[in-house]
Amino acid sequence: MNQAAMHQNGPSAPPYDTVYDSGHVYRISGGHVENTSPAQNVMAEPRGAARPQRQVRRQTRRRVPRMESTRKRHQRQQSGQVSLCVKYGIFFYNLVFWIVGTALLAFGTWGLVTKGTSVDEIIGGFIDPMWFIVIIGAFIFIISMAGCIGALRENTCLLKFFAIILSIIMLAETAVVVLAFVYKEQGNIIGGWIDRAIVDYRDDPDTQFLLDQMQIDLKCCGSTHPNDWDNNPYFNCSSPAVSACGVPYSCCIKPEGELVNYQCGYGRLREKPDHEWIGVIHVQGCAVSIEQWMNQNLVIICAAIGGILLVQAVSICFVKSLIHDIREIKSHWRVV
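Residue numbers (my numbering): 149 to 484.
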């Protein structure tokens with residue numbers, strides 16, 4: 149050890165020597181050696197002893213960055229908690245249906261205004277097909293708009309509304325499919341619609357167009373038999389019109405390369421027996437043709453329905469995930 153000079157604090161203080169060695173401070177007084185190093189004194193302090201103000205201030209300065217780093221971590225969670233892929237996937241998915249709904253709504257409204265159809269006609273029992281287009285378009289427009297705004301603005305109320313309505317639609321579609329397969333042999337629903345369409349054939353251009361296209365594509369005539377056209381006042385045998393005891397041109401078998409003869413079916417119902425119709429008009433009813441078409445394309449129909457249900461189920465899962473992420477973000481906001 150290297151010896152240093154002697155220090156005295158006063159006339160009554162005992163003399164002692166201060167020695168510095170390897171970073172430690174030793175006090176030698178009266179043959180006793182005392183380690184007075186700051187590190188040793190700190191280690192020797194009891195647990196409950198008051199610490200120097202400098203150390204408390206130093207620890208306070210250390211805690212502030214930790215609090216700021218926690219807040220920054222919450223901010224990073226806030227900015228990255230919601231998956232952009234899920235958010236904008238839901239937005240663009242609903243945007244497509246919003247455009248489709250708007251187009252259907254505009255087309256249906258244009259058709260109703262052009263024909264001058266009113267609500268009184270629905271109450272009276274006559275339902276214009278354009279009303280179905282308007283209702284479906286408005287429904288798609290409202291649901292898809294809720295999904296678009298809910299995803300873009302991260303609004304949980306709109307997202308819940310979208311998910312609930314889409315779930316109800318899925319259940320309704322599933323019920324309709326099950327009932328259609330269970331009661332497909334009866335065919336009462338399709339046959340009833342064709343019977344009503346036959347009665348209103350001349351009164352509504354849209355019904356006339358749909359019925360003609362169905363009879364041309366399916367190569368059928370009437371609901372169950374060509375004689376069903378006798379229920380139409382213009383094709384009834386007691387009608388004074390030129391089309392009496394006849395069928396529309398869409399029931400006729402058109403030879404290849406010939407022009408369409410819109411009067412080819414007039415007076416055909418007077419021809420008896422029915423075998424005289426063969427080669428001239430279609431003799432099978434449209435309800436039977438629709439049933440046969442469904443049986444022949446059953447796999448395609450099931451695949452299409454399954455694809456639609458799958459897309460809707462995935463959409464609901466994405467919406468639920470987005471709602472969960474938004475709730476997590478709000479919970480972090482409340483903590484901070």
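Idealized CB from N, CA, C, for every residue including glycine.
Check: Alpha-carbon to alpha-carbon, D343 and S479; Outcome: 60 Å
Check: Three-state secondary structure (DSSP) of I401; Outcome: coil
Check: T262 burial status per 10 Å Cβ neighbour count (16 or more: buried); Outcome: exposed
Check: Inter-residue spacing [alpha-carbon to alpha-carbon] between I271 and L307; Outcome: Residue placement at I271 cannot be trusted, given a pLDDT of 43 that sits under 50; what the coordinates show is reported in the next sentence. Those two C-alpha atoms are separated by around 35 Å.
Check: Residue nearest to R350 in terms of C-alpha spacing, selected from A435, V395, D365 and N375; Outcome: V395
Check: C-alpha distance - T355 paired with V347, whole-angstrom precision; Outcome: 10 Å
Check: At least 3 beta-carbon pairs within less than 8 Å: the segment 302–318 vs the segment 458–470; Outcome: yes
Check: 8 Å Cβ cutoff met for R460 and I317; Outcome: Checking the sequence shown, residue 460 turns out to be Gln, not Arg. Result yes, Cβ atoms of Q460 and I317 sit closer than 8 Å.
Check: Beta-bridge pairing of I429 - partner residues as DSSP gives them; Outcome: C400
Check: Simplified DSSP assignment, three categories, for G413; Outcome: coil
Check: Element boundaries [alpha helix (DSSP H), containing F289]; Outcome: P277 to R301
Check: Residue range of the alpha helix (DSSP H) that includes E321; Outcome: T304 to V330
Check: Of the listed residues I313, G249, L260 and T257, nearest to G285 (C-alpha basis); Outcome: G249
Check: Backbone secondary structure at N380 - three-state DSSP; Outcome: coil
Check: I281 classed as buried or exposed, judged by whether at least 16 other C-beta atoms fall within 10 angstroms; Outcome: buried
Check: Any 3 or more C-beta pairs closer than 8 Å across the segment 354–369 and the segment 435–455; Outcome: yes
Check: Closest Cα partner of L314 within the set I449, A452, I291 and M362; Outcome: I291
Check: Distance CB(N409)-CB(Y397) smaller than 8 Å; Outcome: yes
Check: Whether R418 touches I429 by CB criterion (8 Å); Outcome: no
Check: Inter-residue CB distance, S463 and Y241 (contact presumed, cutoff 8 Å); Outcome: 6 Å
Check: Where C296 falls, given that 16 or more other Cβ within 10 Å makes a residue buried; Outcome: buried
Check: N375, DSSP secondary structure in three states; Outcome: helix
Check: Alpha-carbon to alpha-carbon, L253 and I283; Outcome: 8 Å
Check: Alpha-carbon to alpha-carbon, E476 and L359; Outcome: 54 Å
Check: Whole-number beta carbon distance between T372 and A435, since they are thought to touch under 8 Å; Outcome: 6 Å
Check: Secondary structure of L358, DSSP reduced to three states; Outcome: helix
Check: Inter-residue Cα distance where the pair is V324 and P388; Outcome: 43 Å
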